[in-house]
Amino acid sequence: MKDDQQDLVIIHGLVCPRPLSHEDTIVLGHGSGGRMTQRLIEKTFYPPFENPTLLRGDDAAVVELPAEGRLAVTTDGHIVSPLFFPGGDIGRLAVCGTANDLAMVGAQPRWLTASFIIEEGLPRFLLERVTQSMKDAAEESGLIIVGGDTKVTERGKADGLFITTTGVGWIPADRNVSGANARSGDALLISGTIGDHGIAVLAARGELAFQADVESDLAPLNGMVEAMFDVCPSIHVLRDPTRGGVATTLNEIARQSNAAIVLDETAIPVRPAVDAACEMLGFDPLYVANEGKLLACVPHEDAEKVLAVMRETKYGADACQIGIVEDDPAGRVLMKTAIGGTRVIDVLAGEMLPRIC
Amino acid sequence: MKYVSEYRGAKLVQGVLEQINETITRPWVLMEICGGQTHSIVRHGLDQLLPEEIELVHGPGCPVCVTSLELIDKALAIAGMPNVILASYGDMLRVPGSGRDLFSVRASGGDVRVVYSPLDAVKIAQENPDKEVVFFAIGFETTAPPNAMAVVQAKSLGLENFSMLVSHVRVPPAMHAILGSPHNRVQGFLAAGHVCAVMGYWEYGPIAEQYNVPIVVTGFEPLDIARGILRVVQLLEANQALADNAYARAVTLEGNQPAQELIRRVFEPCDRNWRGIGMIPGSGWCLRAEFRGYDAGLRFDVEAIQPKESPLCIAGEILQGLKKPFDCTAFGRQCTPETPLGATMVSSEGACAAYYRYAHIDVPESS
Chain H
-8 MKDDQQDLVI IHGLVCPRPL SHEDTIVLGH GSGGRMTQRL IEKTFYPPFE
42 NPTLLRGDDA AVVELPAEGR LAVTTDGHIV SPLFFPGGDI GRLAVCGTAN
92 DLAMVGAQPR WLTASFIIEE GLPRFLLERV TQSMKDAAEE SGLIIVGGDT
142 KVTERGKADG LFITTTGVGW IPADRNVSGA NARSGDALLI SGTIGDHGIA
192 VLAARGELAF QADVESDLAP LNGMVEAMFD VCPSIHVLRD PTRGGVATTL
242 NEIARQSNAA IVLDETAIPV RPAVDAACEM LGFDPLYVAN EGKLLACVPH
292 EDAEKVLAVM RETKYGADAC QIGIVEDDPA GRVLMKTAIG GTRVIDVLAG
342 EMLPRIC
Chain D
23 MKYVSEYRGA KLVQGVLEQI NETITRPWVL MEICGGQTHS IVRHGLDQLL
73 PEEIELVHGP GCPVCVTSLE LIDKALAIAG MPNVILASYG DMLRVPGSGR
123 DLFSVRASGG DVRVVYSPLD AVKIAQENPD KEVVFFAIGF ETTAPPNAMA
173 VVQAKSLGLE NFSMLVSHVR VPPAMHAILG SPHNRVQGFL AAGHVCAVMG
223 YWEYGPIAEQ YNVPIVVTGF EPLDIARGIL RVVQLLEANQ ALADNAYARA
273 VTLEGNQPAQ ELIRRVFEPC DRNWRGIGMI PGSGWCLRAE FRGYDAGLRF
323 DVEAIQPKES PLCIAGEILQ GLKKPFDCTA FGRQCTPETP LGATMVSSEG
373 ACAAYYRYAH IDVPESS
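Sequence lines, in order, name chains H and D. For what it's worth, the working numbering labels the leading residue of the first sequence as -8, then goes sequentially. For what it's worth, the working numbering labels the leading residue of the second sequence as 23, then goes sequentially.
Right, dumping it as structure tokens:
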């Protein structure tokens, strides 16, 4: 009898294993294009980004032009490690970076599309924190997120999350801003302290043996740009000194405009914590990335009133003049050092901070 | 920044420059040993403010620059091996070996990591017990104590997967080599403040006496360097050949005794090949017998390497103070920080890189 009982299989009822819902984590199926993708879009992307153009759900977004003028179009890929850092995250970075690229040609940011490459295994709540930041940054900068795409890679083939954005902005008719427009006699302005983003991200990676109490300056700058145009319609050059820092951006302006830029070392604003971190690591803050600063070349006589309105904006409190534009030596950037010497400021040769953004 | 900005103030520097002007009566050739000083001089534009009687030539004190090509090729070979993590200071990644650099090894799948301290490499070894972790231990006396500490720590942790490719060099033998050369032009030295913070400057008195040159321990900020130059000029004008200290806030005659003890415990002097200069007897430090087990050069069987230097590069003559970067036909043309032919164009302490970055206004731009 005993043996018979051991052979007995007791069936409690036929079952078919129900697939797990994978609500908490992104898996490959979320990029399949099927129902899981649809649910991801509806639950994670639509609620924060909601607007009629997006919800129409067509293959391309159709938008209306506000008025006469020109369009500015820009695209940017965003990779940053870690995804969240003091002062921001990859979502805010993706939106602000695009808004700023548009603002730097005098455009008012209008529409944004975003492509998400997600590494399998990314927790859902992190993705939702990113989309929430994108929503907040889009609202602040006036961008409407009108379309997007989602792909999921196998684990190890992407670093958590990559976001590529394309932005479209509208340029009012009377604006003519370009890196090629710097003129001898222009005042060179900066909207605040340099190097904050690069050092904040580096410190957030936890690889340094010290901690730096620095937040990224990540911010949309189009509000400040509008205020500047209000008092000075003839702004010559606007640029945001992101990767490669102020030094690299100024070299681009000098080259494009075939003019010389002469910096005053003592006028360049650097936070003490950034200065100290750079000193320890052997970096020059002029080459460290910013994500919420702009450089402007404006006619000398307008400099003070432009600075005055910059300082009244949320992200321009420390705005100041750091140099002037001259004729010679054309295409070069020089700096008057604090002790009274002069040195050449060249572009960043290669990698200084491994993969900031 | 407190305790730094004070040493970069225009007023104080101008004051010392005036004193130099008042003291100097004839031309002098001075060498700053340390690449960090070269960097600081051109970064702050101090060279343009000195009286024209002073010619500064740049010394061999850039560890990245003088690390021999054989050792770099060895590091490249080890870094390319499976199951190896090579940890290095960032500067070494772009130094050209015979044909490639650590960046290209990393791009083709080698695990090369930038660390800021050798102790980080020890930590990587702890975290990766199934990998061999090799630290590329380059440097002068300044970096010797932390590197020695890394070996001591690895030993006390019983880490068997940690080793170092040691390329330590020492300043005094290099000074003998420069001063003993029939081509020597150097009449006075600015000794490297950081090296002396560890080693003191008791080794320099006999050198000053033997070759009849003043040697002044000098710091790195513009004011420090100006004061070092002033002291050397004062000694030269007074015909006094002795070792003196113009960096007293960091350096004592005896130096840092516990650090020196640590160095002596782990390292022993050995002959060393200097890139661009050649073999200088007794100019290096190697691991002592009891720490040989941590010598990556012995642990990894790297086949015989035939190093090949660029025929255009004159880094060797630059490092000995015989030539300046502008004397090189390749400077700013074939040789730029993006496409360096020699190590002096790579490291931020290299004379060529310093000239290129801060002072190359007359040279055509790289495209």
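Ideal Cβ positions, reconstructed from N, Cα and C, are used throughout, including at glycine. The model shown is predicted, which means the values in this text are computed figures rather than measured ones.
Who are the near neighbours of N169 (chain D) in its chain, counting only those whose CB is closer than 6 Å to its CB and skipping five residues on each side?
-> If you ignore the 5 residues before and after N169 (chain D), its C-beta comes within less than 6 Å of the C-beta of P140, A159, all in its own chain and listed in chain order.
Using a Cβ-Cβ cut-off of 8 Å, state whether L199 (chain H) counts as contacting chain D.
-> Residue-level contact check: L199 (chain H) touches chain D, since one or more beta carbons of chain D fall below 8 Å from its beta carbon.
Quick one: what's got a C-beta closer than 7 Å to A164 (chain H)'s C-beta in the same chain, skipping five residues either side?
-> Contacts found: E59, G60.
Excluding sequence positions up to five away, which residues of its chain have a Cβ less than 7 Å from the Cβ of E111 (chain H)?
-> So the list reads I17, V18, L19, V143, T144, E145, R146, once near-sequence residues are dropped.
Output the distance between the C-alpha atoms of S388 (chain D) and A329 (chain H), rounded to the nearest integer angstrom.
-> Residue confidence for S388 (chain D) is low, a pLDDT of 40 falling below 50, so the modelled location carries little weight; the figure read from the coordinates is stated next. Using only the alpha carbons, I get a separation of about 28 Å.
Given a threshold of 16 other Cβ atoms within 10 Å of its Cβ, counted over all protein chains shown, does S23 (chain H) qualify as buried or as exposed?
-> Exposed, since its Cβ has fewer than 16 Cβ neighbours within 10 Å.
Just tell me which of D:A311, D:R314, D:F289 has its CA closest to the CA of G304 (chain D).
-> Answer by Cα proximity: D:F289.
Check distances from the C-beta atoms of the segment 256 to 273 of chain D to those of chain H and list, in chain order, the residues that come in under 9 Å.
-> Within the segment 256 to 273 of chain D, no residue has a Cβ that lies closer than 9 Å to any Cβ of chain H.
Apply the 10 Å Cβ neighbour rule to Q232 (chain D) and answer buried if 16 or more other Cβ atoms are within range, or exposed otherwise.
-> Counting of Cβ neighbours within 10 angstroms places Q232 (chain D) among the exposed residues, the total staying below 16.
So, is the C-beta of T89 (chain H) closer than 8 Å to a C-beta in chain D?
-> It does not: the Cβ of T89 (chain H) has no partner Cβ on chain D nearer than 8 Å.
Spatial neighbours of E77 (chain D) in its chain, beta-carbon cut-off 6 Å, leaving aside the 5 residues before and after | If the five residues before and after E77 (chain D) are omitted, its C-beta is found closer than 6 Å to the C-beta atoms of V51, all from its own chain and listed in chain order.
Between V137 (chain D) and D50 (chain H), what straight-line distance do the alpha-carbon atoms span, to the nearest angstrom?
-> V137 (chain D) and D50 (chain H): Cα-Cα distance of roughly 47 Å.
Which one of D:G338, D:S27, D:V35 has the shortest CA to CA distance from G250 (chain D)?
-> Of the residues D:G338, D:S27, D:V35, the one whose Cα lies closest to the Cα of G250 (chain D) is D:V35.
Under 7 Å by beta carbon: chain H residues contacting Y380 (chain D) = Close to Y380 (chain D), with beta-carbon spacing below 7 Å, are these residues of chain H in chain order: R334, V335.
Buried or exposed: which applies to E163 (chain D), given that a residue is buried once 16 or more other Cβ atoms fall within 10 Å of its Cβ?
-> With 16 or more Cβ atoms within 10 Å of its Cβ, E163 (chain D) is classed as buried.
For G314 (chain H) and E243 (chain H), the rounded distance between their alpha carbons | Straight through space, the alpha carbons of G314 (chain H) and E243 (chain H) are spaced by roughly 15 Å.
Can you give the beta carbon distance from S405 (chain H) to A321 (chain H), rounded, assuming they're within the 8 Å contact cut?
-> Residue 405 (chain H) falls outside the range modelled here, since chain H spans only -8 to 348, and no answer is possible.
Where L229 (chain H) falls: helix, strand or coil (DSSP) = Looking at L229 (chain H) - three-state DSSP - the assignment turns out to be strand.
What does a CB cutoff of less than 6 Å around G338 (chain D) pick up in its chain, not counting 5 residues either side in sequence?
-> Excluding residues within five positions, the ones whose Cβ falls inside 6 Å are G298, I299.
What runs of the beta strand (DSSP E), each 3 residues or longer, lie entirely inside the segment 210 to 284 of chain D?
-> Qualifying beta strand (DSSP E) stretches, in chain order: 210 to 214, 237 to 240, 265 to 267.
Have a look at F157 (chain D) and A97 (chain D) and give me their C-alpha separation to the nearest angstrom.
-> If you take the alpha carbons of F157 (chain D) and A97 (chain D), they lie about 9 Å apart.
Expressed to the nearest angstrom, what Euclidean distance is found between the alpha-carbon atoms of I347 (chain H) and L193 (chain H)?
-> Note that I347 (chain H) scores 23 on pLDDT, short of 50, meaning its location in the model is unreliable; the coordinates nonetheless yield the value given after this. I347 (chain H) and L193 (chain H) have their alpha carbons spaced roughly 7 Å apart.
Among the residues of its own chain, which have a CB less than 6 Å from the CB of E40 (chain D), if the five just before and after it don't count?
-> Close CB contacts of E40 (chain D) within its chain, under the 6 Å cut and outside five residues either way in sequence, are absent.
Have a look at L275 (chain D) and N213 (chain H) and give me their C-alpha separation to the nearest angstrom.
-> As the crow flies, the alpha-carbon of L275 (chain D) is around 59 Å from that of N213 (chain H).
To which residues of the same chain is A195 (chain H) closer than 7 Å at the C-beta, ignoring the five residues directly before and after it?
-> Counting only Cβ-Cβ distances below 7 Å, and skipping sequence neighbours, we find P73, F76, P77.
Of the residues D:P49, D:V106, D:L68, the one placed nearest F242 (chain D), counting alpha carbons only = For F242 (chain D), the nearest C-alpha among the options comes from D:L68.
Where Y111 (chain D) falls, given that 16 or more other Cβ within 10 Å makes a residue buried | Classification for Y111 (chain D): buried.
Residues of the segment 64 to 80 of chain D whose Cβ lies closer than 7 Å to any Cβ of chain H, in chain order = Going along the segment 64 to 80 of chain D in chain order, one finds V64, R65, H66, G67, L68, Q70, L71 with a Cβ nearer than 7 Å to chain H.
8 Å Cβ cutoff, I330 (chain H) in contact with chain D | At least one CB of chain D lies nearer than 8 Å to the CB of I330 (chain H).
Is it true that the CB of G343 (chain D) sits closer than 8 Å to the CB of M53 (chain D)?
-> Using a Cβ distance threshold of 8 Å, M53 (chain D) and G343 (chain D) count as a contacting pair.
Got a sec, what are the start and stop residues for the alpha helix (DSSP H) F40 (chain H) sits in?
-> Element bounds for F40 (chain H): 37 to 40.
Please classify A329 (chain H): does DSSP put it in a helix, a strand, or coil?
-> In the structure shown, A329 (chain H) sits in coil (DSSP, three-state: anything other than H, G, I, E or B).
Kindly give me the distance between the Cβ atoms of Y278 (chain H) and G235 (chain H), rounded to whole angstroms, as I take these residues to be in contact under 8 Å.
-> That pair is a contact at about 7 Å.
Which of helix, strand or coil does DSSP assign to T361 (chain D)?
-> In the structure shown, the three-state DSSP call for T361 (chain D) is coil.
Using the C-alpha atoms, what's the distance from G306 (chain D) back to R321 (chain D)?
-> When rounded, the distance between both Cα atoms is 20 Å.
Of the residues D:E92, D:A213, D:H198, which one's Cα is nearest the Cα of V188 (chain D)?
-> For V188 (chain D), the closest alpha carbon among the candidates D:E92, D:A213, D:H198 is that of D:E92.
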